Amino acid sequence: IVQATAAYYYTELTRASYQTELANAEKTEFACMVDELKNRLEVANDTVVELTDKNHELRCINYELKKNGKLRYFESTDELEVFLEKSDVDYHMYVNITVGQDWSTYDCDDYAVALRDAALSKGFHMNIQAVWNYRRPDTGELIITGGNEGHALNSTIIGNEVYFIEPQTDEYWLAAYLD
Numbered sequence: 006i007v008q009a010t011a012a013y014y015y016t017e018l019t020r021a022s023y024q025t026e027l028a029n030a031e032k033t034e035f036a037c038m039v040d041e042l043k044n045r046l047e048v049a050n051d052t053v054v055e056l057t058d059k060n061h062e063l064r065c066i067n068y069e070l071k072k073n074g075k076l077r078y079f080e081s082t083d084e085l086e087v088f089l090e091k092s093d094v095d096y097h098m099y100v101n102i103t104v105g106q107d108w109s110t111y112d113c114d115d116y117a118v119a120l121r122d123a124a125l126s127k128g129f130h131m132n133i134q135a136v137w138n139y140r141r142p143d144t145g146e147l148i149i150t151g152g153n154e155g156h157a158l159n160s161t162i163i164g165n166e167v168y169f170i171e172p173q174t175d176e177y178w179l180a181a182y183l184d
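Just so we're aligned, residue 6 is where the sequence shown starts under our numbering, counting upward by one.
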């Protein structure tokens, strides 16, 4: 009986010790998860601050350009090409997403906004175009975006012509004639 009782208490002590170790391990794991979340939150907050500062800077530039009447369209496709060559917008990492995924991913609309902002900072008019299922007039290629998924491009006017610009590749093409 003494041995059985001792074995029972030893088993219970071992079980309690194991449960304590398991609880401590879970506590450590949760503490690590909390630290990781704090780090991610800090990075996200830093990003928000950077984007807010950049947004303010671009709004100030845009205001000054509009106030001074200096915002203009490109004079030629050569000038557009020089601008696109100097712009580094197309070098950003693209991440493909599907409908319902996290929209904070850097994709076509982010490229379009970045290229428009780069153009504004250099004193040029540039617009953002949202398109669905379109045909490129220069190649005849039919681009099918599918469902609710559109695609963001940029556009600008040169003379009496509207040009679409693919901000991810710097390709541009004549989209329409004006007048």
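Built from N, CA and C at the ideal position, the CB exists for glycine as well.
Remember, predicted model here, so these are calculated numbers, not experimental data.
Euclidean distance between Cα positions of residue i and residue j
{"i": "Y23", "j": "A135", "result": "60 Å"}
{"i": "N159", "j": "R45", "result": "32 Å"}
{"i": "A117", "j": "T25", "result": "55 Å"}
{"i": "D40", "j": "K32", "result": "12 Å"}
{"i": "F169", "j": "R141", "result": "9 Å"}
{"i": "R20", "j": "E47", "result": "40 Å"}
{"i": "K91", "j": "A49", "result": "29 Å"}
Three-state secondary structure (DSSP) of residue i
{"i": "Y68", "result": "helix"}
{"i": "T25", "result": "helix"}
{"i": "F79", "result": "coil"}
Whether residue i touches residue j by CB criterion (8 Å)
{"i": "R64", "j": "F129", "result": "no"}
{"i": "E171", "j": "Y182", "result": "no"}
{"i": "L42", "j": "T161", "result": "no"}
{"i": "D122", "j": "L179", "result": "no"}
{"i": "I149", "j": "N132", "result": "no"}
{"i": "I163", "j": "T82", "result": "yes"}
Residue i at chain B interface by Cβ criterion, 8 Å
{"i": "A21", "result": "Structure shown: chain B not included; a single protein chain is present."}
Could you tell me which uninterrupted beta strand (DSSP E) segments, each at least 3 residues in length, are contained entirely in the stretch 131–181, listed from first to last along the chain? 132–136, 156–163 and 166–171
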